[in-house]
Amino acid sequence: MKISVIGTGYVGLVTGGCLAQIGHEVLCTDNDASKIGILNDGGLPIYEPGLEKIIDQARRDRRLRFSANPADATQGDVIFICVGTPPLSNGDADLSAIDHVARTIATESTSPKLVVEKSTVPARTGEELKRALSVYGRKSNLKFRVASNPEFLREGTAVDDFLHPDRIVVGAEDEQTEKQMKDIYRPVLERSFTCPFHAPSACPADLQPSWIVTTINSAELIKHASNSFLALKISYANMVSDLAEALGADIKEVMQAVGLDPRIGSRFLNPGLGFGGFCLPKDLQAFVHLAERSGVDFTMLREVERVNKKRINRFIEKTRQALWVIKGKQVGVLGVAFKANTDDVRFSPAVDLIEHLLAEGARVCAYDPEAMERARAVLPQIEYKKSAYDAAEDSEALLIATEWDEFRKLDWDRIRDVMARPLIIDGRNLLSPAEIKAHGFEYYCFGRPNLATASWHENGVLSK
Ligand code: UGA
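Its first residue numbered -15, the sequence shown is counted upward by one per residue in the working numbering.
Now the structure itself:
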């Protein structure tokens, strides 16, 4: 099928690349000519595991093209809208990019189109989208159908999530739309595509996705309700973590057992610095606003947001408790991305944390395996180091802000020896307290007893 994708951010590029991977002919457009320039030169404007491989392959097979003219998107029979819906200052989603795209599609199309909302939007946006298409397309008298197809991709595993989803949700209003959407996703539903992750016919059998067809309003609501529930789980885990800490319990043990109840589930119960990124915080806010405008009391979700905002203060409190005075001290920060396996720093708790440390007068050295280039644009005033070891050198504390796997397996003896003081404050509960203590560190974390003082031999050598 000839498909166009408007917007080449994380969602648009993954959607375009994966649709090409499963056999469609795809054109990705973006009005940011610099992004399209990078893509046309064989590069990628973002880091996302697995994406380079499938986009390179699709370029070679001539199934994927890029254009800086969004009007070119009207070459497709189906157009996926993947533009950003950032938060407005009042927390509502800014839908101006969707409105703009609707006008382009309506005025530039020369044949009927199926227009698919993939961007996260508040319920009833589909109704407005339909209205915009018909108002601005009135001269051509073409028929535009609209579908909602929310994405559930997680940055860092987005390609895998697209190709092996647990569910595909389609909000459609007629059988033709439903059928067309099923034809698009058939290779995923039947596993008939070449999988970049698994050997032929070795995609795990338990990953059979559910195909869910709903009204457009329901599909839009499903996305906001899902992300807000995930946020709720994290804030709940953070609250229980604070209590565990106060009572001398271990949050890992607690949540492991709580999560074994299939009604609860074990994922998204990791406490720490809280949730960030471009989706959970903004979707939560937009959902609360939508509910309040609709006359429904969503105070509970306001609390989720409040609990999350307090995580950074709690981390700073721990840092103060450990360092006594923060001002003037060098602090190493491991991780700037909002989570592991991405270079995305938007609404990153790590960035927020660094800003707080700078406000307290600390000197910050940071290291992140992928996100330093993007971090430099938002935090130019700190020093970026080439490795975790360089960030640790001469630092009085090493703060873990992102759950990168490589931070689990560092040479801790080497880190200890280069630090001005062997102190780790773990904002992601990444390390084992017993192990890190054995290497001679003071160790602070969330929801578990702190190991506040290292024991010293009389001659000043650390005991293990
Ligand atoms: C989220 C959803 O998980 C996706 O299903 C959805 O498609 C996407 O938003 C979206 O709307 O586009 P994402 O923002 O990529 O995906 O990241 P998550 O994996 O959800 O993590 C969000 C934040 O929560 C991160 O800062 C992460 O570190 C934090 N987190 C996650 C915790 O603090 N604890 C946990 O247990 C899990």
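Think of the CB as a built atom: it goes at the ideal place given N, C-alpha and C, for glycine as much as any other residue.
Bear in mind the structure is a predicted one, so any value in this text is a computation, not a measurement.
Excluding the five sequence neighbours on either side, which residues of its own chain have a C-beta within less than 7 Å of the C-beta of residue i, listed in chain order?
i, result
"V238", "V224, A228"
"E390", "P353"
"A230", "none"
"T161", "L98, R129, A131"
"T88", "P54, A55"
"M356", "V320, Y368"
"V362", "V329, V335"
"N443", "Bear in mind that a pLDDT of 38 at N443, under 50, signals an unreliable position, so the number given afterwards is only what the model happens to contain. Excluding positions up to five away in sequence, the list is empty."
Leaving out five residues before and five after residue i in sequence, what residues of the same chain have Cβ atoms less than 8 Å from its Cβ?
i, result
"R392", "L414, L415"
"A286", "It should be pointed out that residue 286 corresponds to Arg in this sequence rather than to Ala. V272, listed in sequence order."
Assuming residue i is part of the beta strand (DSSP E), what are its boundary residues?
i, result
"L253", "Element bounds for L253: n/a, residue is neither H nor E."
"L205", "No beta strand (DSSP E) holds L205; the alpha helix (DSSP H) holding it covers 200 to 231."
"D410", "407 to 410"
"G(-4)", "Premise fails: G(-4) lies in the alpha helix (DSSP H), -6 to 5, not in any beta strand (DSSP E)."
"S51", "48 to 51"
"K97", "97 to 101"
Any chance the CB of residue i is under 8 Å from a heavy atom of ligand 1?
i, result
"G221", "In the sequence under discussion, the amino acid at residue 221 is Ala, which differs from the Gly named in the question. Yes; taking the cut-off as 8 Å, the Cβ of A221 has a heavy atom of ligand 1 nearer than that."
"K293", "no"
"P333", "yes"
"I(-10)", "no"
"I218", "yes"
"E387", "yes"
"T104", "yes"
"G0", "no"
"T326", "yes"
"L137", "yes"
"F262", "yes"
"L35", "no"
"D267", "yes"
"S379", "no"
"R412", "yes"
"R251", "yes"
"N254", "yes"
"L79", "no"
Can you find the residues in the same chain that come closer than 6 Å, C-beta to C-beta, to residue i, ignoring five residues on each side of it along the sequence?
i, result
"N15", "P54"
"T141", "none"
"V445", "With a pLDDT of only 37 at V445, under the threshold of 50, the placement of this residue in the model should not be trusted, and no figure is reported."
"I200", "G110, S132, G155"
Could you say which of the options lies nearest to residue i if we only look at CA atoms?
i, options, result
"V(-2)", "I420, I39, K(-14)", "I39"
"C263", "L48, R138, S202, I300", "R138"
"A300", "V320, A334, V280", "As written in the sequence, residue 300 is Ile, which differs from the Ala given in the question. Residue A334 is the option with its Cα nearest to I300."
"L307", "K369, L214, L383, Y31", "L383"
"H8", "G261, S250, P171, S212", "P171"
"T303", "S210, S103, V317", "V317"
"S250", "M(-15), V402, I218, F259", "I218"
"S194", "S80, R151, P134, R46", "R151"
"A418", "P433, R405, A404, F64", "P433"
"P255", "P265, R298, F282, P246", "R298"
"Q305", "D167, A221, C429", "C429"
"K323", "G261, A381, D281", "G261"
From what residue to what residue does the alpha helix (DSSP H) around residue i run?
i, result
"I168", "159 to 174"
"Y427", "Looking at the DSSP string, Y427 is not in any alpha helix (DSSP H); the run it does join, the beta strand (DSSP E), is 426 to 428."
"Y351", "No alpha helix (DSSP H) contains Y351, which is instead part of the beta strand (DSSP E) from 347 to 351."
"S18", "17 to 24"
"A404", "Unbroken run through A404: none, as it is neither H nor E."
Inter-stretch contact (C-beta, 8 Å, three-pair minimum) for the stretch 67 to 76 and the stretch 256 to 275:
yes
State whether the stretch 26 to 42 contacts the stretch 0 to 9, with contact taken as three or more CB pairs (one from each stretch) at a distance under 8 Å.
yes
Kindly confirm or deny that the stretch 99 to 106 and the stretch 18 to 26 touch, where touching means at least three C-beta pairs closer than 8 Å.
The count of Cβ pairs closer than 8 Å, one atom from the stretch 99 to 106 and one from the stretch 18 to 26, stays below three, leaving the stretches out of contact.
Between the stretch 401 to 410 and the stretch 337 to 349, can you find at least three pairs of beta-carbon atoms closer than 8 Å?
no
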